[in-house]
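In this note's numbering, the protein residues as written are 82 to 170.
Step one of this worksheet: look at the structure below.
Here it is, written out as structure tokens:
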């Protein structure tokens, strides 16, 4: 299953490394990534493959949320089909 991970917050060293390390520790593959810094704010969106994940989707979502909060970031994951439905024009 594919999912979308979004990360938003003040720019700081190691955001990409931390998120990717956490995802890979659960057998999640990053398929595509886009990131930018806008006036000191880091924004990233990732397309990931969660087919091999060793956690339930809810457990993964909670872990990412908690990891983000520890760094004062918003880290969210959403199933790709739901993301696409919400952002369809």
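For glycine and all other residues, C-beta sits at the position ideal for the given N, C-alpha and C.
This structure is a prediction, so every number in the text was calculated from the model and none was measured.
Three or more pairs of CB atoms, one per stretch, sit closer than 8 Å, so the segment 124-142 contacts the segment 95-115.
Check the Cα spacing between residue 120 and each of 89, 95, 128 and 98: the tightest is with 89. The alpha-carbon separation between residue 148 and residue 139 amounts to approximately 14 Å. Around the Cβ of residue 82, a 10 Å sphere holds fewer than 16 other Cβ atoms; the residue is exposed. Secondary structure at residue 109: coil, using DSSP grouped into helix, strand and coil. Annotated as proximal: residue 126 and residue 85, with beta-carbon spacing under 8 Å. Counting the other CB atoms within 10 Å of its CB gives residue 156 a total of 16 or more, which places it among the buried residues. Note that the C-beta distance between residue 123 and residue 91 is below 8 Å.
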